[in-house]
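> Sequential numbering of the sequence shown, starting at 1, is according to this note's numbering.
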Amino acid sequence: MNDCPGNALRPWIMLAAALCLTGPLAAQPAAAPRDAAEPTAGEAEKLRAQRLMPAPLDTIESNLRDLEENGLLTVVSGRQKFINDGQDQAIVWTIRANRLLTCRYIMMQIEDFSDVRFYKTLGKDRNTPSLHEVHSKLLYYSPSLEDRAAGSGLFARDDTFQVWIYLDPVEARKIRSLQADQAVFRAPRRRPR
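#1: On the DSSP letters alone, give me the boundaries of the alpha helix (DSSP H) that Ala183 sits inside.
#2: Put Ser177 into one of helix, strand or coil per three-state DSSP.
#3: Taking the beta carbon of Glu61 as the centre, do at least 16 other beta carbons fall within 10 Å, making it buried, or is it exposed?
#4: Rounded to whole angstroms, what is the Cα-Cα separation between Thr102 and Arg148?
#5: Return the chain-ordered ranges of every alpha helix (DSSP H) run that is complete within the stretch 89–159 and spans a minimum of 4 residues.
#6: Whole angstroms is fine: what's the gap from Ala183's alpha carbon to Asn84's?
#7: Taking the alpha-carbon positions, what's the Ser144 to Leu138 distance?
#8: Measure the CB-CB distance between Ile106 and Thr74 and report whether it falls below 8 angstroms.
#9: Roughly how many angstroms separate the alpha carbons of Val76 and Thr40, rounded to a whole number?
#10: Less than 8 angstroms between the C-beta atoms of Val134 and Phe118, yes or no?
#11: Looking only at C-alpha atoms, which of Leu100, Trp93, Gln80 sits nearest to Phe161?
#12: For Pro188 versus Ser114, is the C-beta distance shorter than 8 angstroms?
#13: If you draw a straight line from the alpha carbon of Asp54 to that of Gln80, how long is it in whole angstroms?
#14: Would you give the residue range spanned by the beta strand (DSSP E) that Leu73 belongs to?
#15: Please name the residue, chosen from Leu178, Gln109, Leu122, that lies closest to Leu72 on a Cα-to-Cα basis.
#16: Is Ala90 closer than 8 angstroms to Leu167 when the C-beta atoms are compared?
Shown next as structure tokens:
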């Protein structure tokens with residue numbers, strides 16, 4: 001009787017039937033917590049302020065803080081300053097590692113944010129905004145990060161590195177005059193071959 005091919009499948013058929021019976025019960029969404037409240041006006045304003053770019057573009061919201069989503073990196077600060085021995089102006093962000101990370105991992109994260117696009121929101125409906133691109137930049141990172149990644153380097157907890165976009169006063173005025181209100185950091189788009 002055990003030689004019958006159907007008997008070998010019987011435990012799997014019973015398991016599948018049990019899963020089918022309990023599937024709809026498990027698929028129901030969990031109830032929302034009762035004490036989950038909407039953020040207050042002060043909290044919402046604080047969250048918005050955290051998403052703003054540093055001066056001189058401090059009226060533009062950005063998604064650079066999305067680097068913090070997995071908790072491995074933290075954007076510590078951002079400001080405009082001179083770099084390359086005072087020859088170029090840039091907006092520079094300092095980013096901290098929250099635990100031991102490989103330089104290669106950090107580079108992959110940064111490369112996913114290396115294409116910076118500035119947009120102006122058109123239309124009054126904020127639920128379905130229409131965006132018009134007004135300017136684009138590239139996000140750069142320290143060459144030492146790349147050197148350390150090539151040698152399997154590590155970033156210890158609380159080690160920092162910097163990323164920046166070159167932005168001279170003329171470009172900053174142009175972006176403001178075009179009324180950009182959003183900066184989107186994203187992975188570069190590759191053209192199909």
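Where is the CB? At the ideal position from N, CA and C, for every residue including glycine. Small disclaimer: the values here were computed from a predicted structure and weren't measured.
To lay it out plainly:
#1: It is not in any alpha helix (DSSP H) - Ala183 instead sits in the beta strand (DSSP E) that spans 182–186.
#2: Of the three classes helix, strand and coil, the one that applies to Ser177 here is helix, per DSSP.
#3: buried
#4: 9 angstroms
#5: Runs of the alpha helix (DSSP H) inside the stretch 89–159: 103–111, 143–150.
#6: 24 angstroms
#7: C-alpha separation (whole angstroms): 18 angstroms.
#8: no
#9: 24 angstroms
#10: yes
#11: Taking Phe161 as reference, the option from Leu100, Trp93, Gln80 with the minimal CA-CA separation is Trp93.
#12: Yes; because the gap between Cβ atoms is below 8 angstroms, this pair is in contact.
#13: Note that residue 54 corresponds to Pro in the displayed sequence, not to Asp. Whole-angstrom Cα-Cα distance: 7 angstroms.
#14: 73–83
#15: Leu72 has its Cα closest to that of Gln109, out of Leu178, Gln109, Leu122.
#16: Taking a C-beta distance under 8 angstroms as the contact criterion, Leu167 and Ala90 qualify as a contact pair.
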